[in-house]
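In my numbering, the protein residues as written are 1276 to 1454.
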């Protein structure tokens, strides 16, 4: 049997604890091939009138695991620490095509960086960054906030996620924005 991707729903602010516990369980088990993923994204927020870069989880309360036997892990988490997982939640299988989109967006450190785009009339052409070859749907771009809202579909659930983006009128303006 080949490994499959699953999304495990945690309680609020328990993502990292859940990831660490899953890692511990898998290290102590006979599981040979697995991957745990807690992707983050860089976005811009306004603090005291200034735009600052901050890192947030891609999808809050979701940890991704690629493994053969998810039931064993799920049961072990509940036995060891019942306060990590969302009540009545079960691991959701995530299709490879759905996961492929996320894997294309992240870099080596599991962080989705900032993209760059140039405004051409009413459209924006992405010229650099994780959104350059993005195969999903960009719902909207907010130039003032420096955010691109994308739509992700995982296990039939739709998630709208903001990613960081610089949008300029030309390349020179983009270079100024990035410095």
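Glycine included, each C-beta is placed from N, C-alpha and C at the ideal position.
Query: On the three-pair Cβ rule with 8 Å, is the stretch 1312 to 1321 touching the stretch 1330 to 1338?; Result: yes
Query: Which parts of the stretch 1336 to 1400 are runs of the alpha helix (DSSP H), unbroken and 4 residues or longer, counting only runs that do not cross its ends?; Result: 1345 to 1355, 1371 to 1380
Query: For residue 1293, which beta-bridge partners are listed by DSSP?; Result: The partner list for residue 1293 (beta bridge, DSSP) is empty, contrary to what the question assumes.
Query: So, do the stretch 1395 to 1415 and the stretch 1336 to 1344 have three or more beta carbon pairs nearer to each other than 8 Å?; Result: no
Query: Who are the Cβ neighbours of residue 1369 in its own chain at under 6 Å, not counting the five residues just before and after it?; Result: 1280, 1282, 1429, 1430
Query: Residue 1441 to residue 1338, Cα distance in whole Å?; Result: 28 Å
Query: To the nearest angstrom, how far is the alpha carbon of residue 1456 from that of residue 1365?; Result: Residue 1456 cannot be examined here, being either before or after the span of the chain that is shown, 1276 to 1454.
Query: Quick check on DSSP: helix, strand or coil for residue 1444?; Result: coil
Query: Please report the distance separating the alpha-carbon of residue 1380 from that of residue 1387.; Result: 6 Å
Query: Taking residue 1299 as the reference, give the member of 1285, 1288, 1351, 1326 with the closest Cα.; Result: 1351
Query: With DSSP run on the structure shown, which of helix, strand or coil describes residue 1300?; Result: helix
Query: Within 10 angstroms of the Cβ of residue 1395, are there 16 or more other Cβ atoms? Answer buried if so, exposed if not.; Result: exposed
Query: If you compare alpha carbons, which of 1409, 1393, 1412 is closest to residue 1418?; Result: 1393
Query: Residue 1335: buried (16+ other C-beta within 10 angstroms of its C-beta) or exposed?; Result: exposed
Query: If distances are taken between C-alpha atoms only, which option among 1411, 1360, 1362, 1347 comes closest to residue 1373?; Result: 1411
Query: When DSSP labels each residue in this structure, what does residue 1325 get in the three-state scheme?; Result: strand
Query: Among the candidates 1426, 1445, 1420, 1444, whose CA atom is the shortest distance from the CA of residue 1322?; Result: 1420
Query: Using DSSP with H/G/I as helix, E/B as strand and the rest coil, what is residue 1402?; Result: strand
Query: Any idea what DSSP makes of residue 1432, helix, strand or coil?; Result: strand
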